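In the working numbering, the protein residues as written are 1 to 125.
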């Protein structure tokens with residue numbers, strides 16, 4: 001039961017934060033636009049990441065599609081490692097650690113996911 005609560009708590013939090021980020025990226029919120037410019041990323045990447053984050057958030061919470069979930073976990077991992085490096089190199093101080101916090105949360109979700117959400121899916125007989 002505790003593992004299930006940890007899984008759903010971390011997964012819903014990752015999905016919610018990613019959906020919020022996707023919304024700010026896709027709507028061109030001033031914070032997102034200036035943030036991408038600050039680390040030297042082009043505006044087109046903001047839109048691509050917005051679509052990817054929204055797609056990944058949906059993939060994590062919908063039932064089924066275990067292979068797609070693996071891709072979502074991998075995509076979020078690459079994205080947040082790159083975000084950490086970009087913020088670190090931009091000398092953003094403590095802000096640079098936020099992607100690592102999200103990565104830790106994603107790790108909790110990944111490790112505690114139920115068997116039917118793993119790829120290859122292993123459903124108990």
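Just so it is clear, CB atoms sit at the ideal spot from N, CA and C, and this is done for glycine as well.
The structure displayed is predicted, hence computed values, not measured ones.
Between the alpha carbons of residue i and residue j, how many angstroms are there, rounded?
i	j	result
residue 47	residue 29	11 Å
residue 106	residue 115	17 Å
residue 39	residue 61	30 Å
residue 91	residue 37	14 Å
residue 54	residue 120	24 Å
residue 82	residue 22	16 Å
residue 65	residue 117	8 Å
residue 85	residue 96	8 Å
residue 126	residue 12	In the structure as shown, the chain begins at 1 and stops at 125. Residue 126 is therefore absent and cannot be evaluated.
residue 4	residue 80	24 Å
Can you tell which of the options has its C-alpha closest to the C-alpha of residue i?
i	options	result
residue 78	8, 49, 94 and 10	49
residue 14	31, 100, 1 and 86	100
residue 26	3, 52 and 2	52
residue 103	35, 74 and 93	74
residue 63	3, 24, 1 and 113	113
residue 87	110, 76 and 35	35
residue 76	93, 110, 8 and 24	110
Identify, in the order they occur along the chain, each residue of the same chain with its Cβ nearer than 6 Å to the Cβ of residue i, setting aside the five sequence neighbours on each side.
i	result
residue 59	68, 69 and 72
residue 57	15, 18 and 19
residue 45	none
Can you give me the Cβ contacts of residue i inside the same chain, cut-off strictly under 7 Å, excluding the 5 residues immediately before and after it?
i	result
residue 108	6 and 10
residue 31	24
Who are the near neighbours of residue i in its chain, counting only those whose CB is closer than 8 Å to its CB and skipping five residues on each side?
i	result
residue 33	43 and 46
residue 89	39
residue 41	86
Should residue i be flagged as near chain C, meaning a C-beta pair shorter than 8 Å?
i	result
residue 22	This model lacks chain C altogether; it includes just one protein chain.
Could you tell me which uninterrupted alpha helix (DSSP H) segments, each at least 4 residues in length, are contained entirely in the stretch 5 to 81, listed from first to last along the chain? Fully enclosed alpha helix (DSSP H) runs of 4 or longer: 30 to 39 and 43 to 61.
Going along the chain, which unbroken runs of the alpha helix (DSSP H) with 4 or more residues stay wholly within the stretch 97 to 121? List check, alpha helix (DSSP H) in window: 98 to 112.
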